[in-house]
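Student: Sending over a structure as structure tokens; questions will come in a sec.
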Amino acid sequence: SQQGEEDPQALSIQEGENATMNCSYKTSINNLQWYRQNSGRGLVHLILIRSNEREKHSGRLRVTLDTSKKSSSLLITASRAADTASYFCATDGGGNTPLVFGKGTRLSVIA
Amino acid sequence: SQTIHQWPATLVQPVGSPLSLECTVEGTSNPNLYWYRQAAGRGLQLLFYSVGIGQISSEVPQNLSASRPQDRQFILSSKKLLLSDSGFYLCASPSDSSYGYTFGSGTRLTVV
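Those protein sequences? They're chains E and H, same order as listed.
The numbering of the first sequence is our numbering, which starts it at 1 and goes up by one.
The numbering of the second sequence is our numbering, which starts it at 112 and goes up by one.
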């Protein structure tokens, strides 16, 4: 079953602008992860935030996590055309339980 | 570094034909393997996962089956494909370095 729900489903911005994508989930988590998928390719792991963390940075990526609201956001600053891709959140319930992915946000960055 | 090989990259099969997709993993110490399916423009649906040889857990009852004949090999099969089996099939394994998953490049299956 899908737990993460990304919002918006699609986002189109100009190069240089910031892109914000949101993810909501339903059950308790061990960590939450964000992935990127270029068209027709496999997913690539971007960043992981643990349930006891509130914010994490990696290069132009900033992830926040609010466990009380069961939500996370991914911010891409100073976007580039090469950031055009689909972005997915995935929740990890811990142990051997598989990741549960959301439906994704399709980001288009226009040069 | 960890690498996941999937083949073929694309496949067009008629309804009622059998299916065999193979996934092999290199460079990891984690035995867990996963098959996900992605319908066009949709998220990933977990189909099967395996924690070791011969150990398969099915998440969605359907026309597909999986096997783990060797530690580094995970196979997705069907005896008779349905139109609804079309999609993008991805194999994944936990990464040793990032705590996330490493994915293969996927197989795009079109059932006609």
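Quick reminder that beta carbons are idealized off the backbone N, C-alpha and C, glycines included.
Quick one: is G165 of chain H buried, meaning 16 or more other Cβ sit within 10 Å of its Cβ, or exposed?
Tutor: Exposed, since its Cβ has fewer than 16 Cβ neighbours within 10 Å.
Student: For S1 of chain E, I'd like the list of residues in its chain whose CB is within less than 8 angstroms of its CB, leaving aside the five on either flank, ordered along the chain.
Tutor: In this prediction, S1 of chain E has a pLDDT of 46, which is less than 50 and means its spatial position is unreliable; what the coordinates show is noted afterwards. Once the five neighbours on either side are set aside, the close Cβ partners of S1 of chain E are V100.
Student: For a contact defined as C-beta to C-beta under 8 angstroms, what are the partners of V162 of chain H on chain E?
Tutor: N96
Student: Determine the closest residue to T64 of chain E out of E:C23, E:A85, E:G42 and E:E17, with distance taken between C-alpha atoms.
Tutor: Of E:C23, E:A85, E:G42 and E:E17, the smallest CA-CA separation from T64 of chain E is found for E:C23.
Student: Distance cutoff 8 angstroms, beta carbons only. Does R41 of chain E sit that close to anything in chain H?
Tutor: yes
Student: Measure from the C-beta of N141 of chain H to each C-beta in chain E and report whether the shortest distance is under 8 angstroms.
Tutor: no
Student: CB Y200 of chain H to CB L144 of chain H, shorter than 8 angstroms?
Tutor: no
Student: Would you mind giving the Cβ-Cβ distance between C134 of chain H and Q117 of chain H, rounded to the nearest angstrom? I have them listed as a contact below 8 angstroms.
Tutor: 5 angstroms
Student: Quick one: is A90 of chain E buried, meaning 16 or more other Cβ sit within 10 Å of its Cβ, or exposed?
Tutor: buried
Student: Given a cut-off of 8 angstroms on the beta-carbon distance, is the pair Q87 of chain H and S216 of chain H in contact?
Tutor: The structure shown does not extend to residue 87 of chain H, since chain H spans only 112 to 223, so no value can be given for it.
Student: Below 8 angstroms on the Cβ atoms is my guess for R106 of chain E versus S86 of chain E; work out the distance and round it to an integer in Å.
Tutor: 5 angstroms
Student: Could you check which residue in H:A150, H:W146, H:G154 and H:P119 has the C-alpha nearest to that of E6 of chain E?
Tutor: H:G154
Student: For Y200 of chain H and chain E, any beta-carbon pair shorter than 8 angstroms?
Tutor: No, its Cβ sits nowhere closer than 8 angstroms to a Cβ of chain E.
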